[in-house]
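A.B. asks:
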Amino acid sequence: MQDAYTKDFDAEIKEIIDGRFIVLDRTFFYPNSGGQPNDTGEMTDGYDVFKVINVVKKEGKILHELDKIGIKGDKVHCTIDWDRRYAHMRMHTAMHIVCEVFNRDSGAMITGNQIGIEKSRIDLNLEIIDREKIDACVRHANGIIAKGFETRNFIVSREEADKNPRLTKLAMGLPPQIKDVRIVEIGDFDSQADGGTHVRNTSEIGKIELVSVDNKGKNNRRISFSLSKLQNYDCC
Ligand SMILES: [Zn+2]
């Protein structure tokens, strides 16, 4: 939520469920949620190394699922599989830009999305959309990326979100019980209520390439895209 660039960290074990599901006092692992897949990585107790094969949110806790039982003691060191995570970060920020561009340029509403390492997809509620228009949207999105916008995230209260014209449309779509709203902002181009991990600067994304456009029912077009590899990426 606050720091997407920490790759390894120390933590204390708070709870072990069924021998393999670990709850920590703090974590930098991202749990599967909001269309962004979970992180994977490793956890060591100083004696043995365990693979973190899944991370999920359950009843307010973040559970780190290990590949085997037997973790000992109460202090662990954790390492996040950075290639996987960083691919998700680049894709997630790209996804926000693509969604906003399609919404502005075609009026489409986004009805679903899924982030992946190789490709990601969005579903648009459009009956007809021609290929030229889609290509124009992709060019627009790449133009936004090329501007090198800084991204930032911050928490605002629900009342603040309701008062700010830029955030009001976001706040209205949220369940009433949500009191604090985390906002992810991409320069002055886009703000969204969001819980995901993002790159610091859009220049880290690379270039969006359209993979396919599929019809998924009468009012649903599915657009898949990939990102060109970054030249020698060494972001931090
Ligand atoms: Zn998001």
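Counting with the numbering used here, you get residues 780 to 1015 for the letters of the sequence shown. Virtual Cβ for every residue (Gly too), placed ideally from N, Cα, C.
1) T785 by DSSP, collapsed to three states: which one?
2) As a quick exercise: from T806, E897 and G852, pick the residue whose alpha carbon is nearest that of G825.
3) So what does DSSP say about V855, is it helix, strand or coil?
4) Are the CB atoms of M822 and V855 within a distance shorter than 9 angstroms?
5) Ignore the nearest five residues each way along the sequence and tell me which others in L845's own chain have a CB closer than 8 angstroms to its CB.
6) Among all the DSSP beta bridges, which residues are the ones paired with A790?
7) If E915 sits next to D884, beta carbons under 8 angstroms apart, how far is it from one beta carbon to the other, in whole angstroms?
8) Tell me the residue span of the alpha helix (DSSP H) that contains S936.
9) Name the DSSP beta bridge partners of G820, please?
10) For the beta strand (DSSP E) containing R900, name the first residue and the last one.
11) Measuring only the C-alpha atoms, how far is L905 from I913?
12) Check K837 in the structure and name its three-state DSSP category.
13) Taking the Cβ atom as the reference point for each residue, do A783 and H977 lie within a distance shorter than 9 angstroms?
14) What separation, rounded to the nearest whole angstrom, lies between the Cα atoms of R805 and S982?
15) Flag V877 as yes when its Cβ comes closer than 8 angstroms to any non-hydrogen atom of ligand 1, and as no otherwise.
16) Measuring CB to CB, does A873 end up less than 9 angstroms from F1004?
C.D. replies: Short version:
1) In the three-state scheme derived from DSSP, where H, G and I count as helix and E and B as strand, T785 is classed as coil.
2) Of T806, E897 and G852, the residue nearest in Cα terms is G852.
3) Three-state DSSP puts V855 in a strand.
4) The answer is yes: Cβ separation under 9 angstroms.
5) Only R799, F800, I801, M822, F829, K830, V831 and I832 meet the Cβ criterion.
6) V855.
7) Note that residue 915 is Ala in the sequence shown here, rather than Glu. Sure, about 7 angstroms apart at Cβ, within 8 angstroms.
8) Judged by DSSP secondary structure, S936 falls outside any alpha helix (DSSP H) and instead within the beta strand (DSSP E) spanning T930 to S936.
9) V831 and I859.
10) Note, R900: beta strand (DSSP E), S899 to L903.
11) One alpha carbon belongs to L905, the other to I913, and they sit about 12 angstroms apart.
12) Taken through DSSP and simplified to helix, strand or coil, K837 comes out as strand.
13) H977 is positioned such that its CB atom lies closer than 9 angstroms to that of A783.
14) Cα to Cα, R805 sits roughly 30 angstroms from S982.
15) Not one heavy atom of ligand 1 sits closer than 8 angstroms to the Cβ of V877.
16) For A873 and F1004, yes; Cβs fall inside 9 angstroms.
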